[in-house]
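Asker: Handing you this structure, nothing more for now.
Numbering (the working numbering), first residue to last: 1037 to 1270.
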């Protein structure tokens, strides 16, 4: 489980910037600005985590139990609430109501994992959902151009096998993009520019955390890492 420091934010679109060598970097812009609205501790809950809130929720859209929970913690109702597991040392750095600063969590050049909800596309056919090629359009083909083809089997096993690629609900699922690189940080605006695409459409809530499968995910930029001493092919 990823327990590296991270934030929740809103994907507001894409842009491009130039690096030191003049190369164009295609970047996704994520608007941060989350605050700590609660904590989980080892003594009480058995694990350590920060409960983060993003955006303000109108009182008329807040139920009394939810409003009472926020009032008990001394916070205003938040529109988005997420719980991020972390180490006890990281959780101890923050108090209730404290905002998470992007320049304190991330550094330029750091590798991160981004997780979001993909765009929902409803009920889709096999060509759109699975990139099927479709049937030929000549030699007597009739009303079969975008079909998926045969799904049957012979006498053995004598049944339709599970897991076949067929039409169905497409999109609207959790997607993670790993080992993305932070290109730029704008702490005064709580903005993070990440190289490459981040899952989800515009205004989608995304989670950005240090990468778990790449060196440099815990805080240090990749260029600042020290060599391990291992030789290639050893």
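All residues carry an ideal CB built from backbone N, CA and C; glycine is no exception.
The model shown is predicted, which means the values in this text are computed figures rather than measured ones.
On the criterion of 16 or more Cβ atoms from any shown chain inside 10 Å, does residue 1128 qualify as buried, or is it exposed?
Answerer: Taking the chain shown and counting its residues from 1, one reaches residue 1128 at position 92. With fewer than 16 Cβ atoms within 10 Å of its Cβ, residue 1128 is classed as exposed.
Asker: Can you tell me where the alpha helix (DSSP H) holding residue 1208 begins and where it ends?
Answerer: Counting from one through the chain shown, the residue named residue 1208 turns up at place 172. Run containing residue 1208: none; DSSP gives neither H nor E here.
Asker: Helix, strand or coil for residue 1106, going by three-state DSSP, please let me know.
Answerer: Residue mapping note: residue 1106 aligns to position 70 of the chain shown, counting from 1. Reduced to three states, the DSSP call for residue 1106 is helix.
Asker: Taking the straight line between their C-alpha atoms, what separation do you get for residue 1185 and residue 1208?
Answerer: For the purposes of this step, residue 1185 is taken as the residue at position 149 of the chain shown. For the purposes of this step, residue 1208 is taken as the residue at position 172 of the chain shown. Cα-Cα distance, rounded: 26 Å.
Asker: Is the distance from the Cβ of residue 1248 to the Cβ of residue 1152 below 8 Å?
Answerer: Locating residue 1248 in the chain shown gives position 212, where the first residue counts as 1. Locating residue 1152 in the chain shown gives position 116, where the first residue counts as 1. No, the Cβ-Cβ distance between residue 1248 and residue 1152 is not below 8 Å.
Asker: Report buried or exposed for residue 1147, applying the criterion of at least 16 other Cβ atoms within 10 angstroms of its Cβ.
Answerer: Along the chain shown, one-based indexing puts residue 1147 at 111. Result: buried.
Asker: Starting from the C-beta of residue 1054, find all residues in its chain whose C-beta is less than 8 Å away, skip the five residues before and the five after it, and write them out in chain order.
Answerer: Numbered from 1 along the chain shown, position 18 holds the residue referred to as residue 1054. For residue 1054, where only same-chain residues beyond five positions count, the Cβ hits under 8 Å are 1060, 1061.
Asker: Under the rule that 16 or more other beta-carbon atoms within 10 Å means buried, what is residue 1192, buried or exposed?
Answerer: Numbered from its first residue, the chain shown carries residue 1192 at position 156. By the 10 Å Cβ count, residue 1192 comes out exposed.
Asker: Have a look at residue 1260 and residue 1246 and give me their C-alpha separation to the nearest angstrom.
Answerer: Working through the chain shown from its first residue, we reach residue 1260 at position 224. Working through the chain shown from its first residue, we reach residue 1246 at position 210. With a pLDDT of only 47 at residue 1260, under the threshold of 50, the placement of this residue in the model should not be trusted, and no figure is reported.
Asker: Excluding five sequence neighbours on each side, which residues of the same chain lie with their C-beta closer than 8 Å to the C-beta of residue 1050?
Answerer: Counted from its first residue, the chain shown places residue 1050 at position 14. Contacts found: 1062, 1063, 1064, 1065, 1233.
Asker: Can you tell me where the alpha helix (DSSP H) with residue 1080 in it begins and where it stops?
Answerer: Reading the chain shown from its first residue, position 44 is the one you call residue 1080. Here the alpha helix (DSSP H) through residue 1080 covers 1078-1081.
Asker: What three-state label does DSSP hand residue 1193 in the structure shown?
Answerer: Within the chain shown, the letter at position 157 stands for residue 1193. Residue state, collapsed to three classes: strand.
Asker: Is residue 1144 helix, strand or coil by DSSP?
Answerer: In the chain shown, the residue the question calls residue 1144 occupies position 108. In the structure shown, residue 1144 sits in coil (DSSP, three-state: anything other than H, G, I, E or B).
Asker: First and last residue of the beta strand (DSSP E) that includes residue 1242?
Answerer: What you label residue 1242 is simply residue 206 of the chain shown in a count that begins at 1. First-last of the beta strand (DSSP E) with residue 1242: 1241-1246.
Asker: If you compare alpha carbons, which of 1089, 1221, 1190, 1114 is closest to residue 1096?
Answerer: One-based indexing of the chain shown puts residue 1096 at position 60. Ranking the options by Cα distance to residue 1096, first place goes to 1114.
Asker: Here's the rule I'm using: 16 or more other beta-carbon atoms within 10 Å means buried, otherwise exposed. How should residue 1197 be labelled?
Answerer: Along the chain shown, one-based indexing puts residue 1197 at 161. Burial call: exposed.
Asker: Would residue 1214 and residue 1149 be called neighbours here (beta carbons separated by less than 8 Å)?
Answerer: Numbered from its first residue, the chain shown carries residue 1214 at position 178. Numbered from its first residue, the chain shown carries residue 1149 at position 113. Yes, they are a contact pair.
Asker: Can the beta-carbon of residue 1142 be found closer than 8 Å to that of residue 1221?
Answerer: As a working mapping, residue 1142 is identified with position 106 in the chain shown. As a working mapping, residue 1221 is identified with position 185 in the chain shown. Result yes, Cβ atoms of residue 1142 and residue 1221 sit closer than 8 Å.
Asker: Quick one: is residue 1238 buried, meaning 16 or more other Cβ sit within 10 Å of its Cβ, or exposed?
Answerer: The residue labelled residue 1238 in the question sits at position 202 within the chain shown. Burial call: exposed.
Asker: If you follow the alpha helix (DSSP H) that residue 1163 is part of, which residue opens it and which one closes it?
Answerer: Counting from one through the chain shown, the residue named residue 1163 turns up at place 127. Element bounds for residue 1163: 1162-1166.
Asker: Per DSSP, residue 1065 forms a beta bridge with which residues?
Answerer: Position 29 of the chain shown, counted from the first residue, corresponds to residue 1065. Residue 1065 is bridged to 1049, 1229.
Asker: Give the DSSP bridge partners of residue 1151, in chain order.
Answerer: For this step, residue 1151 is matched to residue 115 along the chain shown. Bridge partners of residue 1151: 1212, 1243.
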